[in-house]
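**Student:**
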Amino acid sequence: MDIRFLTTFIEVTKTRHFGKAAENLYLTQSAVSARIKLLEEYFHTTLFIRQRNSIQLTQSGEKLLPYAKQLCATLNEAKQELQIQSSEYVVCGATQLASELLLPTMLSHLHNSFPDWSVKAEVLTLDALSRQLHERVTDLAFSTEPLKSEEVNSTVLMEHEIALYRVGKNSDAVNAADFVAIDWGSKARDWLLTAYPQLRDAKLRTNSLNLALNNLLSEGGIAVLPTNIENQIPANVNVTKIRTLENVPLRLYIHSMKQIRRVGLAEIIDSVSTVS
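All the letters of the sequence shown, read from the start, carry residue numbers 11 to 286 under the numbering used here.
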């Protein structure tokens, strides 16, 4: 017997009306009538007395009602438990810069707020991130650039100023021989080339902030860095801000599919979206 027959029986009992029960269950009235008929055939009894303006339970219907409620409740509990077990795994993907700037904070938040969930984290290109998100291989995505898709919700989690800095050198010159180019996106690149055309070339190009910082601390040089990163540079290292990139903020995004199919994932997304 299909459990939906019992849920239909319970709904008709509540509404005392086949039409209203059909509306509440998003069924046609004929489908509701057919389910009740099959249920009566299964139990070899009449469950309702059909009157013109009212439907009343028969004695058999009264006896069946508590069992139907108990069985439906038990099966719903079992379904929820199985869904929870199958969704205790969240996959986070991030582009290289987002993984260094944001992912450690997000992983700590997930472990503290959702200790029963296991987390898998991957570093991907923006294209791979978008593809895996649409294929639902990745649940949550983080990047420094927006994703262009009508099926994806994108929210700015954090925003920082970025500026051109000189690290470890006392020279006033801004030249390509000292430049460590970090891929902050097209807007930052365009701004920089307009202000400093000589920085079209660089001694090092990378999409990793950590790698760039290690090189700057080792060899010195100039690079575009978040303004809040000065605290991460040792006090004995000379750091000079050359110029802020006006109207070119560093934005960190969280992305998720608009249609969420996994139980519990919406709560995680809402929670992570409030972290700053």
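Glycine residues also receive a C-beta, built at the ideal position from the N, C-alpha and C atoms.
1. With DSSP as the reference, please indicate the residues paired to Cys102 in a beta bridge.
2. Counting along the chain, where does the alpha helix (DSSP H) carrying Ser228 start and finish?
3. For the beta strand (DSSP E) containing Phe124, list its first residue and its last residue.
4. Measure from the alpha carbon of Leu57 to the alpha carbon of each residue in Asn63, Lys47, Ala212, then state which is nearest.
5. Quick check on the DSSP output: what are the complete beta strand (DSSP E) runs of length 3 or more inside the segment 229-276, in order along the chain?
6. Thinking C-alpha only, which one of Leu226, Ser164, Thr204, Leu150 is nearest Ala187?
7. Can you name, in chain order, every residue of its own chain whose Cβ lies under 6 Å from the Cβ of Leu167, other than the five neighbours on each side?
8. Pair every Cβ in the segment 242-262 with every Cβ in the segment 162-177, then say whether three or more of these pairs are closer than 8 Å.
9. Report the start-end ranges of each alpha helix (DSSP H) in the segment 23-54 that is 4 residues or longer and not cut off at the edges.
10. Helix, strand or coil for Ala138? Go by DSSP, reduced to three states.
11. Please classify Arg176: does DSSP put it in a helix, a strand, or coil?
12. Taking the continuous alpha helix (DSSP H) assigned at Ala292, which residues delimit it?
13. Identify which residue in Ile243, Ile239, Leu235 has its Cα closest to the Cα of Ser228.
14. Going along the chain, which residues of its own chain have a beta-carbon closer than 6 Å to the beta-carbon of Thr105, five neighbours each way excluded?
15. Going by beta-carbon coordinates alone, are Val190 and Ala222 separated by less than 8 Å?
16. Counting only the same chain and skipping the five closest in sequence on each side, list residues whose C-beta sits under 8 Å from that of Ile270.
17. Would you mind working out which of Ser128, Lys130, Leu157 sits nearest Ala138, comparing C-alpha positions?
18. Quick one: any contact between the segment 74-85 and the segment 101-121, if contact means 3 or more CB pairs under 8 Å?
19. State yes or no: is the C-beta of Val184 within less than 8 Å of the C-beta of Lys268?
20. Starting from the N-terminal side, write out each stretch of the beta strand (DSSP E) that is 3 residues or longer and does not extend beyond the segment 56-94.
**Tutor:** In terms of the structure at hand:
1. Ala131, Leu150
2. Counting along the chain, Ser228 sits inside the alpha helix (DSSP H) bounded by residues 219-229.
3. Taken as a continuous stretch (DSSP letters only), Phe124 belongs to no beta strand (DSSP E), as it is neither H nor E.
4. Lys47
5. 231-236, 249-254, 260-267
6. Leu226
7. The residues are Leu262, Ile264.
8. yes
9. 28-34, 39-53
10. helix
11. strand
12. Given that the chain is displayed from residue 11 to residue 286, the structure contains no residue 292 and the question cannot be resolved.
13. Ile243
14. Taken in chain order, the residues that qualify are Leu136, Ser153.
15. yes
16. Ala276, Ile279
17. Leu157
18. no
19. no
20. Fully contained in the segment 56-94 are the following beta strand (DSSP E) runs of length 3 or more, in chain order: 58-60, 65-67.
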